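Notes to accompany the following structure.
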Amino acid sequence: MTELAAPPPLLQASGISKRFGAVLANDAVDFDLRSGEVHALLGENGAGKSTLLAILGGLYRPDSGEIRIDGEPVRFTRPADALTRGIGAVHQHFTHALELSLLENIALGLGHRIRLDLGGVRERATPVLARLGLLARIDDPVRDLSLGERQRLEIAKALVRGSRVLLLDEPTSILSPGEVDGLFAILRGLAREGTAIVIVTHKLDEAVAISHRITVLRRGRVSGTLTRDELALIEREEATARIIAMMFAAELPVVEAFGKRRAGELRLRVDRISARDDRHAPALRECSIGLKGGEIIGLAGVDGNGQRELVEAIAGLRPITTGAISFEGQEIDRLGVAERRELGILCLTDDRLGEGSVADLSVAENLSLTKPRRGFWLDRRAMTRDAEQLIAEWEISAPGPATRTGDLSGGNIQKLILARELSQQPKVLIANKPTHGLDARTATLIRARLRRQANDGCAILLIESDLDDLLPVCDRIIVLSQGRIAGEFPRNRIDLAQIGRLMAGAT
Ligand SMILES: Nc1ncnc2c1ncn2[C@@H]1O[C@H](COP(=O)(O)OP(=O)(O)O)[C@@H](O)[C@H]1O
Ligand SMILES: [Mg+2]
427 MTELAAPPPL LQASGISKRF GAVLANDAVD FDLRSGEVHA LLGENGAGKS TLLAILGGLY
487 RPDSGEIRID GEPVRFTRPA DALTRGIGAV HQHFTHALEL SLLENIALGL GHRIRLDLGG
547 VRERATPVLA RLGLLARIDD PVRDLSLGER QRLEIAKALV RGSRVLLLDE PTSILSPGEV
607 DGLFAILRGL AREGTAIVIV THKLDEAVAI SHRITVLRRG RVSGTLTRDE LALIEREEAT
667 ARIIAMMFAA ELPVVEAFGK RRAGELRLRV DRISARDDRH APALRECSIG LKGGEIIGLA
727 GVDGNGQREL VEAIAGLRPI TTGAISFEGQ EIDRLGVAER RELGILCLTD DRLGEGSVAD
787 LSVAENLSLT KPRRGFWLDR RAMTRDAEQL IAEWEISAPG PATRTGDLSG GNIQKLILAR
847 ELSQQPKVLI ANKPTHGLDA RTATLIRARL RRQANDGCAI LLIESDLDDL LPVCDRIIVL
907 SQGRIAGEFP RNRIDLAQIG RLMAGAT
């Protein structure tokens, strides 16, 4: 390859920051894109990839930073502005009119009133649909298309509108392996003709296979890049290893309370269980986990690999199709949710406001919501006293026990739920993303409290999609990938590179 004097990048974003409450989703991100390049954006869940794409596509406005196109500063206030400048986004959720044909959908995307000048639109759409393998379907209703075809229609819509930049947020997550190859062939062809493509993916192998350049985000910041030259020179293995190092923390942080602990006897045994998801597709495949008193097992994995189904199966909310779950040697498969709770198995959902608490009740009421009640009467005085104690112990910022729970911040609601559940001295605690979206201080407080509970004998399964949130507190890390236990690592034999590979789908 001969290097020519480089013109300014087609798209250049500098110093992009975007905050959502306590979370700095993008922190001074620099990102650029050249014509004809496929630039992959990688990072763990919550790293800020979708946020950056939404900013480039005009869906969100950055708090600070600048975007230039062909060297010229632009300011987008809505997606239409980005489209006018040739930036087309293909979102994870499609926006088609299902009853209308492909052609009509493309016309709508162009801002045409339907059935007006469809002839002209057909002429423009024909070559685009042909190269995307959709021409034969041009007059079919979108309802009849597969998910993969609908995704290609989204790309077609962007191209017919003259996009020079395509933003693709996890386009392969809905595709079968064969469809992925088809999409990549299309993307390579488009890039050869000068289209610039940003592709977000969780899967390292995919990123290395398709891209000319890779940028990795970690906790909102750019943690590293692999340039076109580096990717061309180094072996795939090495590229993967370098990316993993950029994606995950380099060292093992430890919370203070780790010290004195001893693993107790087996409390909860999950033995080769399988379960289906809400769409009846297999979500857990023959998973086995043994939880001992006194230990925290960290379940690592990219979101959507069976975590939710596992929690629900243990809680008694979701039937299992194979295997068995036992508590202290007794099978509990026939027990309902309340009976399992009575045994001391408590499960914290990742849906704080929806399932974990009642917004309209007071803090004191929420704090006593799931407590077993002794008599028929509510002892309001005791309830208030207990609440005051928990508010202090957990540093919940609320004016008082009578405050409406819905008026607290997310972090304080999370502390409230944990305070309530942990104060019941559970024997087994399943915590699904207890620190998700919280500021670092609150997250550290919660992790320290979980560790203390384990040191006091509780058996804890902690689920986080960010490895950094697991490493400080766990005795063992188990990786869940595509519904299977892909690997297990005791604390003294943590292999971050291998964990990263397993999380990214390697077998
Ligand atoms: N609209 C939003 N409101 C509040 N928080 C958000 C919003 N969008 C993203 N976040 C938070 O910002 C962080 C980055 O999210 P996101 O960009 O979606 O990450 P990724 O796509 O890399 O998984 C996460 O902690 C997420 O919870
Ligand atoms: Mg995302």
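Here the sequence shown is numbered in our numbering, starting from 427 and rising by one per residue.
All residues carry an ideal CB built from backbone N, CA and C; glycine is no exception.
No experiment lies behind these values; they were computed from the predicted model shown.
Which stretch, first to last residue, makes up the beta strand (DSSP E) that contains residue i?
i	result
Ser572	Element bounds for Ser572: n/a, residue is neither H nor E.
Thr641	Arg639 to Arg644
Leu592	Val591 to Asp595
Ala750	Thr748 to Phe753
Ala701	Leu692 to Arg702
Arg914	Looking at the sequence shown, residue 914 is not Arg but Glu. Its beta strand (DSSP E) spans residues Arg910 to Pro916.
Arg647	Arg647 to Leu652
Asn731	Premise fails: Asn731 is in no beta strand (DSSP E) and is neither H nor E.
Leu459	Val449 to Leu459
Leu467	Val464 to Leu468
By the three-class DSSP mapping on this structure, what secondary structure does residue i have?
i	result
Arg811	helix
Val905	strand
Lys444	strand
Ser714	strand
Pro499	strand
Ile513	strand
Leu678	Caution is warranted here: a pLDDT of 48 is assigned to Leu678, below 50, making its placement in the model unreliable, and no coordinate value can be reported.
Leu851	Reading off the sequence shown, one finds Gln at residue 851, where the question assumed Leu. Three-state DSSP puts Gln851 in coil, outside helix and strand.
Glu492	strand
Gly837	helix
Ala683	For Ala683, the predicted structure reports a pLDDT of 49, less than 50, and the residue's modelled location is therefore unreliable. A value from the coordinates is still provided. Note: Ala683 maps to helix in three-state DSSP.
Ala508	helix
Gly588	coil
Ile822	coil
Arg705	coil
Considering residue i, what are the terminal residues of the alpha helix (DSSP H) in which it resides?
i	result
Val626	Where Val626 is concerned, there is no enclosing alpha helix (DSSP H), although the beta strand (DSSP E) it sits in stretches over Ala622 to Val626.
Asn531	Leu528 to Gly535
Val606	Pro603 to Arg618
Ala764	Val763 to Leu769
Leu928	Leu922 to Met929
Asp894	Leu893 to Leu896
Gly546	Leu544 to Arg557
Leu793	Val789 to Leu793
Ser476	Lys475 to Leu482
Tell whether a beta-carbon distance below 8 angstroms holds between residue i and residue j.
i	j	result
Ile911	Ile904	yes
Leu509	Leu529	no
Ile670	Ala923	yes
Leu437	Leu459	yes
Val624	His465	yes
Gly749	Val763	no
Leu888	Gly724	yes
Val626	Leu594	yes
Glu721	Asp901	yes
Leu478	Val455	yes
Arg590	Thr621	yes
Ser440	Ser490	no
Ala857	Leu736	no
Thr598	Glu549	no
Ile758	Val696	no
Phe674	Gly931	no
Leu643	Gly469	yes
Ala665	Leu657	yes
Leu710	Gly732	yes
Excluding five sequence neighbours on each side, which residues of the same chain lie with their C-beta closer than 7 angstroms to the C-beta of residue i?
i	result
Arg645	Ala473
Leu793	Asp812, Ala813, Leu816, Leu842, Ala845 and Arg846
Leu692	Gly716 and Lys718
Asp865	Ala448 and Gly837
Thr747	Ser700, Ala701 and Arg702
Glu754	Arg693
Skipping 5 residues on each side, what residues in its chain have a beta carbon closer than 6 angstroms to that of residue i?
i	result
Leu772	Glu847, Pro852 and Leu855
Gly913	Val905 and Leu928
Glu605	Gly574
Trp820	Lys841 and Ala845
Ala515	Gly483 and Leu593
Ala683	Any answer about Ala683 is weak, because its pLDDT of 49 lies below 50 and its placement is not dependable; what the coordinates show is given next. Same-chain partners within the cutoff: Ala874, Arg877 and Arg878.
Arg576	Phe520
Asp507	Gly484
Consider the Cβ of residue i: report whether some Cβ of chain B lies at a distance smaller than 8 angstroms.
i	result
Gln756	Reference to chain B is not applicable here, since this structure consists of a single protein chain.
Can you list, in chain order, the residues of its chain with a C-beta nearer than 8 angstroms to that of residue i? Leave out the 5 residues immediately preceding and following it.
i	result
Ala582	Leu528, Ile532, Ala551, Val554, Leu555, Leu558 and Leu560
Ala617	Gly462, Glu463, Val464, Ile623 and His638
Ile822	Val789, Leu816, Leu834, Asn838, Lys841, Leu842 and Ala845
Ile564	Ser527, Leu528, Leu529, Arg548, Ala551, Thr552 and Leu555
What residues does ligand 4 have around it, judged by CB closer than 7 angstroms to any heavy atom, in chain order?
As for ligand 4, it is missing from this structure, which binds only ligand 1 and ligand 2.
Just to confirm the assignment: which complete beta strand (DSSP E) runs, minimum length 3, are found wholly within the segment 860 to 890?
885 to 889
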